[in-house]
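Be aware that the sequence shown starts at 67, since it is given in the numbering used here, and climbs by one per residue.
Every residue gets a Cβ at the ideal spot worked out from N, C-alpha and C, and that includes glycine.
Predicted model, so just to flag it, every value in this text is computed and none were measured.
Contents: one structure, followed by commentary.
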Amino acid sequence: IIVSFLAVLLMFFPDSVTLKGIYQDLTYPGEKVITERVIEAVKNDDVEAIEEIMSQYVKSNNENLSEDIEKLMNTIEGDIKDAYWYAGSSDSVKKDYDSYESYRTWSIKFETENSVYKLNVTWVRANTNKPEKVGMSSMSLFDMERNLLATVYAGVNDT
Numbered sequence: 067i068i069v070s071f072l073a074v075l076l077m078f079f080p081d082s083v084t085l086k087g088i089y090q091d092l093t094y095p096g097e098k099v100i101t102e103r104v105i106e107a108v109k110n111d112d113v114e115a116i117e118e119i120m121s122q123y124v125k126s127n128n129e130n131l132s133e134d135i136e137k138l139m140n141t142i143e144g145d146i147k148d149a150y151w152y153a154g155s156s157d158s159v160k161k162d163y164d165s166y167e168s169y170r171t172w173s174i175k176f177e178t179e180n181s182v183y184k185l186n187v188t189w190v191r192a193n194t195n196k197p198e199k200v201g202m203s204s205m206s207l208f209d210m211e212r213n214l215l216a217t218v219y220a221g222v223n224d225t
């Protein structure tokens, strides 16, 4: 109902940055849904499933996206015994007169017989200036001693 109401408001106020941003934010599938998809993809070595949820921006700017995802997945040694949402999440929202950006970052814990890993996931929930950035923007894999093992992102550093 809220999304429909925002859609109607956007018809009357098509240049409203705040309405556009809130609309993008409300279409975010949710941390639980994304976490479940990532866990299944990693457990099944399904590179394409991760690629599907990466933002169009990452897909367009990382020429080695499939290889980077595969490398990240192959860094996890041993069979995964357990995987679950882990250790909280953080939100960031940046609003001004001409832009609205919203990000969410959280961690997924993977336990194997050999080690324990933490996968940080960052999702762009809204970006009115660059809507192609909406979606998963990065994944970073750490061992539990907080050593960075692998990362997947756009490969460019612009905002």
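Buried versus exposed, by CB contacts within 10 Å (16 or more), residue i
i    : result
K98  : exposed
R212 : exposed
L185 : buried
T225 : Only weak support exists for where T225 lies, its pLDDT of 43 falling under 50; the coordinates are left without a value.
N223 : Summary for N223: the model assigns pLDDT 47, below 50, so the residue's position carries little reliability; its value from the coordinates is reported in the next sentence. With fewer than 16 Cβ atoms within 10 Å of its Cβ, N223 is classed as exposed.
T93  : exposed
Residue i in three-state terms, based on DSSP
i    : result
D224 : Bear in mind that a pLDDT of 48 at D224, under 50, signals an unreliable position, so the number given afterwards is only what the model happens to contain. Coil.
M210 : coil
I142 : coil
K196 : coil
D11  : For the chain, the structure presents residues 67 to 225; residue 11 sits outside this window and is missing.
Residues bridged to residue i [DSSP beta-bridge criterion]
i    : result
S204 : T188
D157 : R170
A216 : L207
E177 : D148, V182
Cutoff 8 Å: residue i Cβ touching any chain C Cβ
i    : result
S203 : Among the chains in the structure shown there is no chain C, since it carries only a single protein chain.
Inter-residue Cα distance where the pair is residue i and residue j
i    : j    : result
S181 : N195 : 41 Å
*Would you call the segment 173-184 and the segment 98-109 touching, i.e. three or more CB-CB distances under 8 Å?*
In short, these stretches touch, since the Cβ pair count reaches three.
Measuring CB atoms only, is the segment 192-210 touching the segment 115-135, in the sense that at least three cross pairs come out at less than 8 Å?
Note that the segment 192-210 touches the segment 115-135; at least 3 beta-carbon pairs, one per stretch, sit closer than 8 Å.
- Spell out a yes or no on whether the segment 153-163 and the segment 135-143 are touching, meaning 3 or more CB-CB pairs, one atom from each, closer than 8 Å. Contact fails: fewer than three Cβ-Cβ distances are below 8 Å.
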